[in-house]
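Asks:
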Amino acid sequence: MNIDIRQEAPGDASAIAALTEAAFASAAHASGTEHRIVDALRAASALTVSLVAVEAGVLVGHVAVSPVTVSDGASDWYGLGPISVAPPRQGQGIGSALMNHALAELRRLGAAGCVVLGEPGYYSRFGFRQEPALVLPDVPPEYFQAIRFRGPLPAGDVAYHQAFVSAS
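Plus 1 on top of the position in the sequence shown (first one is 1) and you've got our numbering.
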């Protein structure tokens, strides 16, 4: 696998949207708005990390990271997602590479931690775990996980960027 992972470039937006829409088209818990969420985050200048995986000039993966708020006032916390891999390329390590690069970038930026909503078995491989003190309202707690990089673990309700609501 000869994949290059790089920062999103200005001309990548439409390819990211198409890839994200395709990646979530048959996902069990998808809302169908994931591609619009990425566009709305970009429009709000809220894509803290936006990485693409490129193979032979073709975009085959993308990961978005944006700020979240915690009701206890904790700062420097982020939410990972959506993360997308082209359907024919899923299960080949591209998503894992994107995850590792995104988490490394958050650490480089001095983030305190990151949350993710998704399959516990997948995300626990990267150090995420369910933290009872952090709650995403109306979501089964086992699917909401966090990884702390520095400082104390916050406690409270977590809210993703408004783009997650307005794009729905």
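In this text, a Cβ means the ideal position worked out from N, Cα and C, and glycines have one as well.
Quick one, which of V117, S76, I38, A26 has its alpha-carbon nearest A14's?
Replies: Among V117, S76, I38, A26, the Cα nearest to that of A14 belongs to I38.
Asks: What residue ranges within the region 99–169 form continuous beta strand (DSSP E) runs of no fewer than 3 residues, ordered along the chain?
Replies: List check, beta strand (DSSP E) in window: 114–118, 145–149, 157–161.
Asks: G80 and S72 - do their beta-carbons sit closer together than 8 Å?
Replies: Going by C-beta atoms, S72 is not nearer than 8 Å to G80.
Asks: By DSSP, does E22 sit in helix, in strand, or in coil?
Replies: Helix at E22.
Asks: Contact check, P83 vs T21 under 8 Å by CB: the rounded distance?
Replies: Contact flag correct, Cβ pair sits at about 6 Å.
Asks: Determine the direct distance from the alpha carbon of W78 to that of Y123, and round the result to whole angstroms.
Replies: Cα-Cα distance, rounded: 21 Å.
Asks: For E120, count the other beta carbons within 10 Å of its own beta carbon; 16 or more makes it buried, fewer makes it exposed. Which is it?
Replies: So E120 ends up on the exposed side.
Asks: What distance in whole Å lies between the Cβ atoms of V53 and H63, which are believed to be in contact at a cut-off of 8 Å?
Replies: Confirmed, Cβ separation roughly 5 Å.
Asks: On the DSSP letters alone, give me the boundaries of the beta strand (DSSP E) that I6 sits inside.
Replies: Counting along the chain, the beta strand (DSSP E) containing I6 begins and ends at 5–8.
Asks: How big is the Cα-Cα spacing for A134 and A57?
Replies: Each residue's alpha carbon lies about 44 Å from the other.
Asks: Among the residues of its own chain, which have a CB less than 6 Å from the CB of C115, if the five just before and after it don't count?
Replies: Closer than 6 Å at the Cβ level, and outside the excluded window around C115, lie Y79, L81, L107, I148.
Asks: Whole-angstrom Cβ separation of F127 and L110, contact assumed at under 8 Å?
Replies: Not really, about 17 Å apart at Cβ, beyond 8 Å.
Asks: Is it the case that the Cβ atoms of L118 and E132 are separated by a distance below 8 Å?
Replies: No, the Cβ-Cβ distance between L118 and E132 is not below 8 Å.
Asks: In three-state DSSP terms, what is S46?
Replies: It is coil, neither helix nor strand.
Asks: Please list, in chain order, all residues of the same chain as A112 whose beta carbon is under 6 Å from its beta carbon, the five residues on each side excluded.
Replies: Excluding positions up to five away in sequence, the list reads D77, Y79, F150.
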